[in-house]
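What follows is a single structure, written as structure tokens, with notes after it.
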Amino acid sequence: MKSLLLCQRGWHLKGQNYFGFYRTWYHTFEGKIRKRSLHCGDFFIREPPYELKNHPHWVCFHSKGNGWYEIHFDKAPKSLEEGIRCIEVVLIEAYRITHRR
0 MKSLLLCQRG WHLKGQNYFG FYRTWYHTFE GKIRKRSLHC GDFFIREPPY ELKNHPHWVC
60 FHSKGNGWYE IHFDKAPKSL EEGIRCIEVV LIEAYRITHR R
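Positions 0 to 100 (numbering that gives the first Met the number 0) are the ones given, in order, by the sequence shown.
Pasting the structure below:
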């Protein structure tokens, strides 16, 4: 079953994976979600920006090779959409932290 909200945000289901983009005011970043259930998944970002290295949550991003990083949450998001929004907030915060210096 496809998530209507994910499709509205431009994410597309291929097999057990959603592919799309994390969107911020600064840039968009290629993403993937490996679906485990309707509301649960493993989140990935391709080639995260260097600005994330200045963010406290950088430790939550783990390289998986080929430019892909898996993103770990302290508390699992309640939905795939919530997970995407949380990642986008961290990306925006990372840009703000880096560029206000």
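Note that beta-carbon positions come from the ideal geometry of N, C-alpha and C, so glycine has one too.
Q | Sequence-distant residues of the same chain with beta carbon closer than 6 Å to F42, five excluded per side | A | I32, I70, G82
Q. Where does E50 land, buried or exposed, given buried means 16+ other C-beta within 10 angstroms?
A. buried
Q | According to DSSP, residues forming a beta bridge with N16 | A | K13, R33
Q | Separation of R99 from M0, as counted between CA atoms | A | Confidence at M0 is low in this model, with a pLDDT of 47, below 50, so the placement of that residue is unreliable and no value is reported for it.
Q) Going by the beta-carbon positions, is the gap between P47 and F28 smaller than 8 Å? A) yes
Q. By a C-beta neighbour count over all protein chains shown, 10 Å radius and 16 as the cutoff for buried, is A93 buried or exposed?
A. buried
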